[in-house]
Amino acid sequence: MCLAIPARVIALTGPDEAVVDLGGIRKTVSIALVPDAAIGEYVIVHVGHAIGRIDAAEAARTLALFGELAAQAALADTSTMETTTWAR
Amino acid sequence: MCLAIPARVIALTGPDEAVVDLGGIRKTVSIALVPDAAIGEYVIVHVGHAIGRIDAAEAARTLALFGELAAQAALADTSTMETTTWAR
Amino acid sequence: MQPGRRYNFMEFCGGHTHAISRYGIAELLPPAVRMIHGPGCPVCVLPIGRIDLAIQLALQHGAIVCTYGDTMRVPASHGLSLTKAKARGGDIRMVYAATDALRIARENPDREVVFFAIGFETTTPPTAVALRDAERAGLTNFSVLCCHVLTPAAITHILASADASEGSAAPLDGFVGPAHVSIVIGSAPYEPFARAWRQPVVIAGFEPLDVMQAILMLVRQVNDGRAEVENEFTRAVSRDGNRTAQALVDDVFMPRDSFEWRGLGEVPHSALQIRPGFAAFDAERKFPLTYTPVADNKACECGPILRGVKQPTDCKIFGTVCTPENPVGACMVSSEGACAAHYAYGRFRDIPIRVEAAAGAAA
Amino acid sequence: MQPGRRYNFMEFCGGHTHAISRYGIAELLPPAVRMIHGPGCPVCVLPIGRIDLAIQLALQHGAIVCTYGDTMRVPASHGLSLTKAKARGGDIRMVYAATDALRIARENPDREVVFFAIGFETTTPPTAVALRDAERAGLTNFSVLCCHVLTPAAITHILASADASEGSAAPLDGFVGPAHVSIVIGSAPYEPFARAWRQPVVIAGFEPLDVMQAILMLVRQVNDGRAEVENEFTRAVSRDGNRTAQALVDDVFMPRDSFEWRGLGEVPHSALQIRPGFAAFDAERKFPLTYTPVADNKACECGPILRGVKQPTDCKIFGTVCTPENPVGACMVSSEGACAAHYAYGRFRDIPIRVEAAAGAAA
Amino acid sequence: MSTRPDYVRPLDIKHGRIDMGHGAGGRAAAQLIDELFARAFHNRFLGQGNDGACLPAPPPGHRLVLATDGHVVSPLFFPGGDVGCLSVHGTVNDVAMCGAVPLYLTASFILEEGFPLADLQRIVASMAAAAREAGVPIVTGDTKVVEQGKGDGVFICTTGLGAVPPGVEVSGANARPGDVLLLSGSIGEHGVAVLSQRESLGFETSITSDTAALHTLVAAMLHSAPGGVRVLRDPTRGGLATTLNEIARQSAVGLHLQEAAIPVLPQVDAACELLGLDPLYVANEGKLVAVVAPEAADAVLAAMQAHPLGRQACRIGMVTDDPQHFVQMDTRFGGRRVVDWLSGEQLPRIC
Amino acid sequence: MSTRPDYVRPLDIKHGRIDMGHGAGGRAAAQLIDELFARAFHNRFLGQGNDGACLPAPPPGHRLVLATDGHVVSPLFFPGGDVGCLSVHGTVNDVAMCGAVPLYLTASFILEEGFPLADLQRIVASMAAAAREAGVPIVTGDTKVVEQGKGDGVFICTTGLGAVPPGVEVSGANARPGDVLLLSGSIGEHGVAVLSQRESLGFETSITSDTAALHTLVAAMLHSAPGGVRVLRDPTRGGLATTLNEIARQSAVGLHLQEAAIPVLPQVDAACELLGLDPLYVANEGKLVAVVAPEAADAVLAAMQAHPLGRQACRIGMVTDDPQHFVQMDTRFGGRRVVDWLSGEQLPRIC
Ligand code: SF4
Ligand code: SF4
Ligand SMILES: [Mg+2]
Ligand SMILES: [Mg+2]
Ligand SMILES: [Mg+2]
Ligand SMILES: [Mg+2]
Ligand SMILES: [Mg+2]
Ligand SMILES: [Mg+2]
Ligand SMILES: [Mg+2]
Ligand SMILES: [Mg+2]
Ligand SMILES: [Mg+2]
Ligand SMILES: [Mg+2]
């Protein structure tokens, strides 16, 4: 439930409106629910609305934690798989 | 202008309404303009309305006259043409 | 037939034009008899401005415009026609009868439905029936854009202009009178002008033999020096016509002071309008429409052709720029228009049938 | 992990269900950890009667019904669904955002446009924005059929039924808390029931690593005997949530006394309705609709599955009569429904991969 | 065409309707193909289940013919046929008009969301019967679904592949002055049968569409006078008048018709008068016109008259030398006129 | 296709629109065909002007392949292509996926009244360019016009005829356990490019459709390892997932994929996340998947990578023995799951 994705604000285009970038695609979204979102900031987008923001410091912390977890659990032996430059 | 065709009344189906037969096809038409059209009578049909009636005696007279005219004018030497049973 | 004499007859009615072309009757007539195509095709005489009104109703006012198939291809302003306006999103529907337009109005209570009514006295009574029925049913979304025109007024106008200036109208020796119009109005209405302008009139049926017979009767009148109204179509036409139809038309319609005809210009008392009692069903009152007369294409000779002064082949663009596929003038639109009929049926005349010598077999 | 101990965790949220299935996470967990799919797919919990209302609006009231793609295939009464109602002529349009429904209302001023609004606290604020904007714009042809539901009420209900009767609900050892719902409501609302029912809660993001990490954190709480609200998703979730969103929702919506959830039955204070001040935009007031509860298909185990008591494979018709192509119960509709997720992603478990001996090459 | 995946409940043909899922290429689409199309059209080529059908080639010396037509008739069902059999006959005939033996058909369906499965099944059954009767299997196909209001029930595009035996040379360009024009039967029935079902024109008639596959008639004609048949064409849209104008233009000749020789059923004539149409411009779907060498005319005509679909065959005119490529006609009244191309649509007229 | 009758004024491509007359089979239809279609597609077969095209047969020993597809994409123009080139590529590819050399195409157009002639010309030009580039001429065609609201601009049904050289045996039924699965490049671009243009979803992206004719790639593959290519298929509607399920079912095998090996452009991934779609189910129009014998895999892969349309080709999995014919996948997270058929339509989701 509640498909939402982080996207970077790249332009403020009107009252309550911003353009966000998400992996190279751009979409105009409503920022009525995060009115003080700033350019460069990451927001979480759901059904065309930014519903929250991402805390950069916390994100870095989580990333580090994931690194640990991955090491711990040896989740997948990806080294045996063929990958390409754009493998998702 | 004013494409209209003679058709025979074969049923009176409602106030101002009759079914006419025209060379084997049947169509419901308005008889609002010839309210006293009777079954068996020929009417002249235009845009879905009977607009007049055909006088049987006069029609016979015209037919006879056409016979004369055709003979007089030798209009077409149809004897040399191939015809079929349903040539129009 | 009197040797050396020429006979110029006008068939007023497009139906006769069609019969003459379709059955190749012109070919069968003696060379001394020339048939002149009159303005009796209601589509041909409809001025551009009236079609523009119908297109306005569809494109600007969002109305469903119902119309007979004949009017679909008539050229209007801006390169449009009802067919092209339909392709541009206008809700334009071909109907076979005025009552179909009523049905469409009943089926679309939240849309305005306008019946674009054209035609002579034959087609007017069915429109009157539709208006009467719409009033009885209390329909509020149905109206009629009335373009019904009157035959006697047009004939009088043609004779008047022939009288007024030699050469600007054809020297006429007589008229083939309309078949189906006369069923409704009877033969009496032709009597005044037959008398006044000393013109023989023979009302004829639409079968090719009717037309041949009527021409024969006209030749006889001319030879006898008579100018009477004769009736070849006695099987359907009486002196009085259809009184029921006349009464109903009179209930619903009244004459206009004047009406524009393509090719004839403004002709007084030549058309009908909807009576004030039926104003609620009159599209010209119901919608904010303004009629703008539009000049015909300069090259087009429809006017002189409709007045009987010229023939289609006199038009510089006949068959080249103006063709049934791209009609410039109205005479090219309906297959009964003088130009279309000549284009479709008459062009062979310059081309004899040749079969190579080797090919002797039968056909 | 404590030897011999079993850990039963419910992921409330369908997004977590999806992540677990799509990335094959269940396979990677130690056998002692069992994940129970909760009722956190808003499509799955939507009762038939609410979809029937939306279909009524389209087919009986002629409204344009706008809805998120997720609801299109949900089975309704009489073998219908929104997809099938559309095929029967209903004007039903998939939108990506509530604001698209507003645009459609503006573009169709002579049609009624209803937004069929579903979703948890994540999706409610965008609907609130649409209602606020509709009011500001003075739209008179736009309304919302509100089916927004509340997460804490549902979790409380599950815990209450687990408490009330052993066996009728699963013995739970903790919750993976919703990611995006929590962005809006914050982590505080989970605290009361974590305390009251002594249940550990870990709010998790939707990346597979988020889920793994959250499960690890739950295991630690259980092992430590703690029952706290922890937040794995600190990068987006705060204790207070999005105050702006909460305020707007509060302006426009208020709790319902009770709302039917598929599988859970009537749950008190578990959904929102539109406030009287916005009554003009409330489809339930604007149209003469009566809600008729409809019993689920008898064979369907969606209820127990949503309550965490059963698993998809416990349903007799799973994968035979009930498939994603012909969903019987709601859990088979959305790919995040517990049954659909298991059908699409989980069926391989009984089938080991076999490659013929001859074929030794790489893959 | 794809193979059967693991769906369980059969299609509800009686109450079901086409929805967008049937066109999405997944399980619903595969089920529709299997239970409706493949079942009806069943043949070994269709059963291959690949992106196309792999087929044996005709014997050496044959040339190939490809013909394609979209079928968009409204209403879909009309007296004497429906869009299904029409889509088989229309393309089989186009292949045959090239002098070829029709071998295989392909069928591409564009279905409108909401179309009743029961109607689709009727159409598919009619199509299957027509293909079976013609002996030309439907070897591959496609199904697309468009939203309601973006289609009109069913459109069917068929393509036919045929083989021209050595020695056969038939083309619209081959008519020569002196050649004889043959017509296989009365004209206008298809168009009138379809018009009779239109709500706003509606009239009752016993006229049925003449829709039929003409390839066996063509085979008999070609066999009766090797090399004698120069042009074959089926006067469909635009009617006999338009087809003859095409031939005149393509062969750079004139044509000279005898109106009295052209058979028209009285009911067709009556319907045309009622609607202000000319039967010469009304569509046929089971008639052909042939241009034959004068010395072959008798033999070809006899072969036609001996075939059930050519019993009323007749001579209707001849090919002439005419730099303007006019089609002219001696009217049954004895006059002469040009028979022109159809202009625009042929619309019912009031005057 | 017909020859030029005596109309005079050229089509007004700039301002004109399709009206019902363009489909009536008369002079307007002939003009549209001549000035728009025939002019763009020009080739000697089309120029024959008959009911079908008469074509030379392939050399003895070849089998024939027929494939057909209707093209109904909305919007008609999308980044990287339009319905015109798509209708060429789609059918050329289906012919190629049967192991055949595509030789000829037919095209059947269903036009909606009111469609701008300028747009039609753009589409036809794109189609002509695609056919020319592929070296596969459009040899015959058809045009129908439907009333406004009964079509959707332009539908194009194309049929392709090809020839399978002796020795080539390619079919969806030929996969065997142990065979290797190859994919010619990244997936999902076509579907995402089309979706990006839909009003209600609209997003900006530099993704363009991958639409392309794959027959030269196929030729290179077949040449690289005679007999080694067992199955070829283009993962169009329903995406890679559906295509693989078709192969599994048809060959009665299982398939085992490595998710990490399947190339997806980051933008495609992002768009799919935004819309709640799975790239495995998104349509492609210029990609193919091949099942090859294990001993041929290296050679075929090398041949693909040497071709411009296969530079990113890779192994994505293998064929297994599975009585349930499941497609399974090792996820990039290390788990395992079933990759099922597409159910219904793939609709954008919010949750
Ligand atoms: S040919 Fe055309 S332009 Fe000339 S008079 Fe006739 S209708 Fe008018
Ligand atoms: S398989 Fe279907 S019927 Fe059974 S519980 Fe799941 S959704 Fe309900
Ligand atoms: Mg054809
Ligand atoms: Mg055909
Ligand atoms: Mg043909
Ligand atoms: Mg296909
Ligand atoms: Mg429709
Ligand atoms: Mg295909
Ligand atoms: Mg294809
Ligand atoms: Mg394919
Ligand atoms: Mg065709
Ligand atoms: Mg449309």
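Chains as they are written, first to last, in the UniProt record's numbering: chain A, 1 to 88; chain B, 1 to 88; chain C, 1 to 363; chain D, 1 to 363; chain E, 1 to 351; chain F, 1 to 351.
Cβ coordinates follow ideal geometry from the N, Cα and C atoms, glycine included.
Residues bridged to residue i (per DSSP)
i, result
"F/Met318", "F/Val180 and F/His256"
"C/Ile203", "C/Gly177 and C/Asn231"
"F/Val139", "Partner(s): none; F/Val139 has no beta bridge."
"C/Leu35", "The sequence given here places Met at residue 35 of chain C; Leu does not occur at that position. Bridge partners of C/Met35: C/Phe9."
"D/His148", "D/Gly119"
Candidates the options, of which the one nearest residue i by Cα
i, options, result
"residue 355 of chain F", "E/Ser224, E/Pro348, E/Asp69 and E/Ala299", "With chain F covering 1 to 351 only, the question about residue 355 of chain F has no answer from this structure."
"D/Ala179", "D/Arg220, D/Ala194, D/Asp173 and D/Glu207", "D/Glu207"
"E/Val300", "E/Leu232, E/Ala261 and E/Val282", "E/Leu232"
"F/Pro59", "F/Ala163, F/Ile123, F/Pro10 and F/Ala193", "F/Ala163"
"D/Glu266", "D/Val149, D/Gly4 and D/Ala128", "D/Val149"
"F/Gly26", "E/Val282, E/Leu103, E/Ile350 and E/Arg332", "E/Val282"
"residue 366 of chain D", "D/Val222, D/Arg307 and D/Gly303", "Since the first and last residues shown for chain D are 1 and 363, residue 366 of chain D lies out of range."
"C/Ala196", "C/Gly329, C/Val211 and C/His157", "C/His157"
"residue 410 of chain E", "E/Leu55, E/Arg198 and E/Ala100", "The structure shown does not extend to residue 410 of chain E, since chain E spans only 1 to 351, so no value can be given for it."
"D/Thr71", "D/Glu230, D/Ile51 and D/Gln56", "D/Ile51"
Integer Cβ distance of residue i from residue j, believed to fall under 8 Å
i, j, result
"C/Pro324", "C/Tyr343", "6 Å"
"C/Gly90", "C/Val65", "7 Å"
"F/Val291", "F/Asp179", "5 Å"
"F/Leu161", "F/Leu66", "6 Å"
"C/Arg239", "C/Ser187", "5 Å"
Between the CA atoms of residue j and residue i - distance to the nearest angstrom
i, j, result
"D/Phe9", "D/Leu80", "35 Å"
"D/Thr244", "D/Val237", "14 Å"
"D/Ala153", "C/Pro109", "48 Å"
"D/Gly167", "D/Ser161", "Unreliable placement is indicated for D/Gly167, whose pLDDT of 49 sits below 50; the coordinate value is still reported in the next sentence. If I take the Cα positions, the gap works out to 10 Å."
"C/Asn141", "C/Val184", "30 Å"
"D/Ala363", "E/Ile138", "Low local confidence applies: a pLDDT of 30 at D/Ala363 is under 50, so the model's placement there is unreliable, with the coordinate-based value given in what follows. Taking the straight line joining both Cα atoms gives about 38 Å."
"D/Pro276", "E/His15", "42 Å"
"E/Ser206", "E/Ala270", "12 Å"
"B/Glu17", "B/Lys27", "10 Å"
"D/Arg103", "E/Ser126", "45 Å"
"F/His42", "E/Ser186", "36 Å"
"E/Ile262", "E/Leu76", "29 Å"
Item checked: Contacting positions in the region 74 to 106 of chain D - beta carbon closer than 8 Å to chain E -> Hits within the stretch, in order: Gly79, Thr83, Lys84, Lys86, Ala87, Arg88 and Gly89.
Next item on the list: Check each residue of the region 228 to 241 of chain F: if its Cβ is closer than 8 Å to any Cβ of chain D, include it; give the result in chain order.
Entry: Across the region 228 to 241 of chain F, no CB contact with chain D closer than 8 Å is found for any residue.
Item checked: Residues in the region 228 to 240 of chain D having any Cβ partner in chain A nearer than 7 Å -> Cβ contacts with chain A: Thr234, Arg235 and Ala236.
Margin query: Taking beta-carbon pairs under 9 Å, can you tell me which members of the region 115 to 139 of chain D lie near chain F?
Written below: Contact annotation: in the region 115 to 139 of chain D, residues whose CB is within less than 9 Å of a CB in chain F are Ile118, Gly119, Phe120, Thr122 and Thr123.
Checklist line | Contact residues within the region 22 to 44 of chain A, judged by C-beta distance below 7 Å to chain F | finding: The region 22 to 44 of chain A vs chain F, Cβ under 7 Å: Leu22, Gly23, Gly24, Ile25, Arg26 and Lys27.
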